[in-house]
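Asks: Can you read through this structure? Questions will come right after.
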Amino acid sequence: MKKIFLAAILAAQVFTVSAQSQDTKPYEDKMNKIEAEFKTLETSFKVFSKKDPATLTDAEKHQIEELMSKADSLSSVQLETTLEIIKKFKATPFPAKYVANAMYDMSYDQLKEALDPTSGYYNDEVLKSAKAQLASLELRRPGIMFKDLTMNDMNDKQVKLSQWVGKGNYVLVDFWASWCGPCRQEMPNVVEAYNKFHAKGLEIVGVSFDNKKLSWTAAVEKLGMKWPQMSDLKGWQSAASAAYGIRSIPSNVLVDPQGKIVAVDLRGEDLQNTLAEIYK
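Read in order, the letters of the sequence shown correspond to residues -21 to -1, 1 to 259 in mature numbering (1 follows the signal peptide of the UniProt record, and there is no 0).
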């Protein structure tokens, strides 16, 4: 009787694994298709990433906008599918690699929920970077107060972030570098936001991850960045990296008039729409 009972349990386990495999295949197929489309977009985007944004033609700018729009759409589908996978297969190891792939598109709350220690995939080695990402987001999550930074401006004068933040206006603290291609691609959008909302009270403070002063200052002038700038010229060893958990750029934090972080990593239309709602 005991042998029969054990055989029944083993048979049930085999059936469960087989059923799970069948359940996961549609998700695997969908995610593989998304990855293939991302690679196609990446190949197309590389053609433009080596060019100076100031030399791009209108046609090239339109192509870049289309590529970025497609990439945003794919990211949205990938994130939505990842959240479905987490919900449906939380007790299994299956979601791990998808959480790792989507971690940079997840909000703090989404990533924290995804990295539930009780899940069946929490201890997977592939999630090491995702856990580090969550720890970095803890340092700049909405709801906490900003952390002050002391660096030099472009005239070698020591300045503090608190000279602008917490003084009664919304401040976008923008983390970037002259050597960062995606930063330079996004900068026209930041310039547009500044030109549109500065008169209404918005301030922007650029925090550069450069390590060469001439490259930093030349990029500020070329890209039309009219707002205050600061840097300790230490590259990835910048004090901003430790204070705000910055592990990739471009990145930013939007701070309210009292100095509390209200949003992070606003880009493209998200930046424009968030500021338009504030200053409507």
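Don't be surprised by glycine CBs; every beta carbon is placed ideally from N, CA and C.
(1) Using the three-state DSSP reduction, which class does residue 68 fall into: helix, strand or coil?
(2) In three-state terms, what does DSSP make of residue -9?
(3) Beta-carbon within less than 8 angstroms of residue 112's beta-carbon, same chain only, minus the 5 sequence neighbours each way: which residues are those?
(4) Would you report the Cα separation of residue 170 and residue 195, rounded to the nearest angstrom?
(5) Could you round the C-beta distance between residue 141 and residue 132 to whole angstroms and report it? I think they count as a contact, below 8 angstroms.
(6) Enumerate in chain order the residues of its own chain whose CB-to-CB distance from residue 192 is below 7 angstroms, with the five nearest sequence positions on each side excluded.
(7) Assuming residue 61 and residue 77 are in contact, meaning their beta carbons sit under 8 angstroms apart, how far apart are those beta carbons, in whole angstroms?
(8) By DSSP, does residue 154 sit in helix, in strand, or in coil?
(9) If you drop the 5 nearest sequence neighbours on each side, which residues of the same chain put their C-beta closer than 6 angstroms to that of residue 65?
(10) By DSSP, does residue 183 sit in helix, in strand, or in coil?
(11) What residues in its chain sit with their C-beta under 8 angstroms from that of residue 168, if we drop five residues either side in the sequence?
Replies: With the given structure in hand:
(1) Looking at residue 68 - three-state DSSP - the assignment turns out to be coil, as it is neither helix nor strand.
(2) The pLDDT assigned to residue -9 is 42, lower than 50, so where the model puts this residue is not dependable, and the model offers no usable value.
(3) Around residue 112, the same chain offers 82, 83, 90 and 226 as residues with beta carbons nearer than 8 angstroms, after the five sequence neighbours per side are excluded.
(4) The alpha-carbon atoms of residue 170 and residue 195 are separated by roughly 16 angstroms.
(5) Contact between residue 141 and residue 132 does not hold, since their C-beta atoms are separated by about 14 angstroms, which reaches or exceeds 8 angstroms.
(6) Cβ neighbours of residue 192 within its own chain (closer than 7 angstroms, five residues either side excluded): 212.
(7) 5 angstroms between Cβ atoms; contact.
(8) Looking at residue 154 - three-state DSSP - the assignment turns out to be strand.
(9) The beta carbon of residue 65 is closer than 6 angstroms to those of 74 and 93 in its chain, skipping five residues each way along the sequence.
(10) Residue state, collapsed to three classes: strand.
(11) So the qualifying residues of the chain are 246, 247, 250 and 251.
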